[in-house]
Amino acid sequence: MFFPISQAHVSPIYLVVVGFVIGVLGGFFGVGGSFIAGPALRAVGIDWNFAVGTDLAHIVGKSVVAAKRHRALGNVDLRLGLIMALGTIAGAEGGAQLIEMLKRAGNVNLVVSIVSIVIYVGISGFMIWESSKTLAQLKGRKAQKKNTARHSKSDESAFEHVTKAIQRWRVPPLISLPQSGVTISLWIILLVAFVGGLFSGFLGGGAGYIRMPSMVYVLGIPTHLAVGTDLFEIIISASYGTFTHAIKGNVDILIALVMNTGAAVGAQLGAISTQYFTGPKIRLAFVPLPLVGAAIVIYTMFSGHKL
432 MFFPISQAHV SPIYLVVVGF VIGVLGGFFG VGGSFIAGPA LRAVGIDWNF
482 AVGTDLAHIV GKSVVAAKRH RALGNVDLRL GLIMALGTIA GAEGGAQLIE
532 MLKRAGNVNL VVSIVSIVIY VGISGFMIWE SSKTLAQLKG RKAQKKNTAR
582 HSKSDESAFE HVTKAIQRWR VPPLISLPQS GVTISLWIIL LVAFVGGLFS
632 GFLGGGAGYI RMPSMVYVLG IPTHLAVGTD LFEIIISASY GTFTHAIKGN
682 VDILIALVMN TGAAVGAQLG AISTQYFTGP KIRLAFVPLP LVGAAIVIYT
732 MFSGHKL
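Position 193 of the sequence shown, counting from 1, maps to 624 under the numbering used here, and the rest follow consecutively.
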């Protein structure tokens, strides 16, 4: 099927399947799925600037479905999500401007590909270390294991000592988050959100692959709440990202709509599934996903072929 906006020939079945898979992953892990969607669009010949902008447009619809389900499960901290949206929007604009600079320089595909690989591999490497270490610690504590419900929203992290040190950085104003059980400096929340937004505008998607782990490891938010809150925040930030990329001519709305037919169903399934896994297990299961995105980017770079 030919999509005139991006001048690309792509199978609609391929787009629906990609949308469904990303919907399941997004609903379960609280991410936009750009670490797979961006490379998947690039792999069928869509330029990176269109892959980034179109992915953002598709993520808005999918995140509405998933966030609504997580809200019903009690996994959304509205106060935190609204605050993070402010920082993310500022960062997303910065990322979009970087894309424009690279477009003018004529090397957008190479630079974005290299940055994608480094970020994806780095996140997976850190999370496999942390989640594996945490699960090993919990396995040795049978008493605590008996007192912890399998789907408990409170969880532990091997990175907890660093998280607590960050929370002790009491630079005013301090923000109380009763839903998450955390009180932390507003500036830390905004910094985490800004960095996530920067990568959102630069690499596409909602940047949940950075923000969800950051909410757990930096802010100390329980994993289940980080998943649901990130999806809620993505609705706001990805909407802005879609707008700013659209006025720059980087969005193929037809491709986004086709992807959303599969994503809407997948997002529901993913959100419901989080009830049956503990936080460390969700984080460990997350590890392979950025690596898949990195593998697709590497294949496209070095083979010169489209999937």
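Ideal Cβ positions, reconstructed from N, Cα and C, are used throughout, including at glycine.
Could you tell me whether the Cβ atoms of residue i and residue j are closer together than 8 Å?
{"i": "Gln706", "j": "Leu504", "result": "yes"}
{"i": "Ile444", "j": "Met515", "result": "no"}
{"i": "Val483", "j": "Asn681", "result": "yes"}
{"i": "Ile703", "j": "Phe460", "result": "no"}
{"i": "Pro711", "j": "Leu513", "result": "no"}
{"i": "Ala471", "j": "His489", "result": "no"}
{"i": "Ser631", "j": "Gly522", "result": "yes"}
{"i": "Leu533", "j": "Thr673", "result": "no"}
{"i": "Tyr648", "j": "Thr594", "result": "yes"}
{"i": "Leu629", "j": "Phe466", "result": "no"}
{"i": "Gly651", "j": "Thr519", "result": "no"}
{"i": "Leu634", "j": "Val718", "result": "no"}
{"i": "Leu608", "j": "Leu688", "result": "no"}
My output table needs one value for residue i: the three-state DSSP class, helix, strand or coil.
{"i": "Phe590", "result": "coil"}
{"i": "Val462", "result": "coil"}
{"i": "Ser442", "result": "coil"}
{"i": "Phe630", "result": "helix"}
{"i": "Ile665", "result": "helix"}
{"i": "Val623", "result": "helix"}
{"i": "Phe708", "result": "coil"}
{"i": "Leu608", "result": "strand"}
{"i": "Val546", "result": "helix"}
{"i": "Ile615", "result": "strand"}
Which same chain residues end up closer than 6 Å to residue i when comparing Cβ atoms and leaving out the 5 residues on each side of it in sequence?
{"i": "Leu541", "result": "none"}
{"i": "Asp683", "result": "Phe434, Ile436, Ser437, Phe481 and Thr485"}
{"i": "Val448", "result": "none"}
{"i": "Ser562", "result": "Pro711, Arg714 and Leu715"}
{"i": "Arg502", "result": "none"}
Pick out whichever of the options has its Cα sitting closest to the Cα of residue i.
{"i": "Ile559", "options": "Leu650, Gly693, Val462 and Pro644", "result": "Pro644"}
{"i": "Ser555", "options": "Ile548, Ala726 and Leu722", "result": "Leu722"}
{"i": "Ile624", "options": "Val539, Thr731, Glu531 and Gly639", "result": "The sequence given here places Ala at residue 624; Ile does not occur at that position. The shortest C-alpha separation from Ala624 is found at Gly639."}
{"i": "Glu531", "options": "Phe717, Gly476, Ile678 and Ile729", "result": "Ile678"}
{"i": "Leu617", "options": "Trp600, Gly632 and Ser631", "result": "Trp600"}
{"i": "Phe590", "options": "Val539, Met646 and Ala527", "result": "Met646"}
{"i": "Ala474", "options": "Ala439, Leu656 and Gln528", "result": "Ala439"}
{"i": "Leu715", "options": "Leu509, Phe557 and Pro603", "result": "Phe557"}
{"i": "Phe739", "options": "His655, Val689, Leu685 and Val696", "result": "Not covered by the structure: residue 739. The range shown for the chain is 432 to 738."}
{"i": "Val549", "options": "Leu688, Gly724 and Met690", "result": "Gly724"}
{"i": "Val658", "options": "Ile686, Ala726, Met432 and Asn506", "result": "Asn506"}
{"i": "Ser588", "options": "Leu622, Gly526 and Leu566", "result": "Leu566"}
{"i": "Tyr730", "options": "Gly476, Gln528, Ala596 and Glu561", "result": "Gly476"}
{"i": "Val462", "options": "Gly571, Gly697 and His592", "result": "Gly697"}
{"i": "Ile606", "options": "Phe733, Thr675, Leu509 and Ala694", "result": "Leu509"}
{"i": "Met432", "options": "Tyr671, Ile686 and His676", "result": "Ile686"}
{"i": "Gly525", "options": "Ala695, Ile597 and Tyr671", "result": "Tyr671"}
Spatial neighbours of residue i within its chain, please: CB distance less than 8 Å, with the 5 preceding and 5 following residues excluded, ordered by chain position.
{"i": "Thr692", "result": "Val447 and Gly450"}
{"i": "Val539", "result": "Asp478, Trp479, Asn480, Ile530 and Leu533"}
{"i": "Ile666", "result": "Val491, Ser494, Val495 and Ala498"}
{"i": "Ile641", "result": "Ile550, Ile554, Val626, Gly627 and Phe630"}
Ordered along the chain, which non-local residues of its own chain (more than five positions away) have a Cβ less than 7 Å from that of residue i?
{"i": "Gly701", "result": "Gly454, Val455, Leu456, Gly457, Gly458, Phe459 and Ala497"}
{"i": "Ser668", "result": "Ala516, Thr519, Ile520, Ala523, Gly628, Ser631 and Gly637"}
{"i": "Ile597", "result": "Ile619 and Val649"}
contact_flag[the segment 658-675, the segment 494-514] where n(CB pairs < 8 Å) is 3 or more: yes
Contact the segment 603-621 vs the segment 448-460: 3+ CB pairs below 8 Å: no
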